[in-house]
Every structure is written in C-alpha cells, then in structure tokens.
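Visitor: Before I ask anything, let me first share the structure, which is written out below as structure tokens.
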Amino acid sequence: MTDFSEGWETPQSILVILAHPDDPEFFLGATIARWIRLGHRVS
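Take a look at the structure:
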C-alpha cells in the first residue's frame with residue numbers, strides 16, 4: 003500500500019478546484035479545516 007502522507011509534515015500550498023463556488027465547503031469542509039489546522043495554506 004502506498005503512503006500518501008509522505009511530504010505533508012511541512013506546510014503545503016493546496017489549491018481546491020471544484021465545479022461550483024460552494025462545492026469545496028459542501029464536499030470537503032472537514033478536510034479543508036484539517037489542512038488549515040495542520041498549517042497548510044488552502045486557496
């Protein structure tokens with residue numbers, strides 16, 4: 003099994019793109035909140 007967490011120890015810049023303006027919050031709200039809490043920059 004591949005470990006996809008490798009490289010996430012240091013803050014990353016993450017760009018979230020979905021079809022509609024409210025889709026990121028609706029579909030990925032908890033994930034985005036976790037990324038921000040871990041220190042990543044989310045746009």
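Quick note: the sequence shown uses my numbering, first residue 3, plus one each step.
Each residue gets a CB set at the ideal place from its N, CA and C atoms; glycine is no exception.
These figures come from a predicted structure and were not determined experimentally.
Can you list, in chain order, the residues of its chain with a C-beta nearer than 6 Å to that of S45? Leave out the 5 residues immediately preceding and following it.
Guide: Taken in chain order, the residues that qualify are L17.
Visitor: Does DSSP classify I16 as helix, strand or coil?
Guide: The answer is strand: DSSP assigns I16 an E or B state.
Visitor: Which residue marks the beginning of the alpha helix (DSSP H) containing F35, and which one marks its end?
Guide: Note that residue 35 corresponds to Ala in the displayed sequence, not to Phe. Element bounds for A35: D25 to R39.
Visitor: Under 9 Å, do H1 and S7 count as touching if we go by C-beta distance?
Guide: Not covered by the structure: residue 1. The range shown for the chain is 3 to 45.
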